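Numbering (full-length UniProt numbering), first residue to last: 1 to 245.
Backbone N, C-alpha and C fix where the C-beta goes; we use that ideal spot for every residue, glycine too.
Just so we're clear, the structure is a prediction, and the values are computed from it rather than from any experiment.
Here is the structure we will look at, set down as structure tokens.
Here it is, written out as structure tokens:
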């Protein structure tokens with residue numbers, strides 16, 4: 001198998017960033033992945049990890065799917081086809097991020113209220129653990145065939161895309177170690193999907209009922225797997241990926 005793409009999402013639910021390489025640390029999430037989140041005014045205030053329902057995310061606002069991001073330390077640049085490109089330094093420019101997001105966030109939903117910094121040790125992944133999400137080209141191809149169209153892997157907001165496996169083989173990796181480049185991860189859970197995957201990353205509109213396709217064609221609503229880093233190291237696109245038992 002081979003690593004064919006790497007991504008991070010500096011602000012949870014708002015933008016994805018393509019990476020050429022990344023240095024992973026044991027027990028930590030991918031650096032700067034979901035390091036921030038925009039909390040809406042229907043959520044209780046609090047610190048530390050919080051559930052997805054507290055935040056402005058694609059599942060509730062499909063227009064966010066079309067955001068692309070670029071990060072450098074505490075500076076995040078956001079791009080969207082319907083908005084001017086903007087650069088923010090966090091947390092100083094947190095309120096400016098809220099203003100930038102509002103035009104592509106549904107008015108009927110609770111409004112963006114404040115920026116939340118994720119705990120460095122676990123990030124702000126939906127599962128509440130320091131983890132990476134791993135996707136495979138084979139499963140994406142199987143789902144694309146069921147949909148009758150090519151599906152962008154960006155729908156699934158993963159961190160790692162692998163080639164060279166069989167469709168859905170990743171579900172059999174749970175409990176096993178996976179070497180990516182110089183790093184070793186342990187796969188520990190399947191990822192149950194939500195409506196965020198219905199949104200097209202190019203258009204920011206819902207155009208495929210991915211949940212129904214998964215359920216009706218494959219008998220589940222899972223796509224990809226979670227893995228934790230147990231041995232740190234560098235990972236780059238093109239690196240070999242292999243199971244180690």
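| field | Nearest candidate by alpha-carbon position, reference residue 42, set 58, 110, 70, 51 | value | 110
| task | Confirm, please, whether the CB-CB distance from residue 200 to residue 207 is below 7 Å. | result | yes
| Could you give the distance in angstroms between the alpha-carbon of residue 2 and the alpha-carbon of residue 172? | 18 Å
| task | Report all residues from its chain with a CB closer than 7 Å to the CB of residue 238; omit the five preceding and five following residues, and keep chain order. | result | 2, 3
| field | Per-residue DSSP class, three states only, for residue 89 | value | strand
| task | Identify every run of the alpha helix (DSSP H) within the region 13-42, keeping only runs that are complete inside it and at least 4 residues long; order them along the chain. | result | none
| message | Does the region 114-121 come into contact with the region 45-53, if we say contact requires no fewer than three beta-carbon pairs (one atom in each stretch) closer than 8 Å? | response | yes
| query | Does DSSP classify residue 105 as helix, strand or coil? | reply | coil
| said: Within the continuous beta strand (DSSP E) that includes residue 186, where are the two ends? | reply: 183-192
| query | For the beta strand (DSSP E) that residue 241 lies in, which residues bound it at each end? | reply | 241-243
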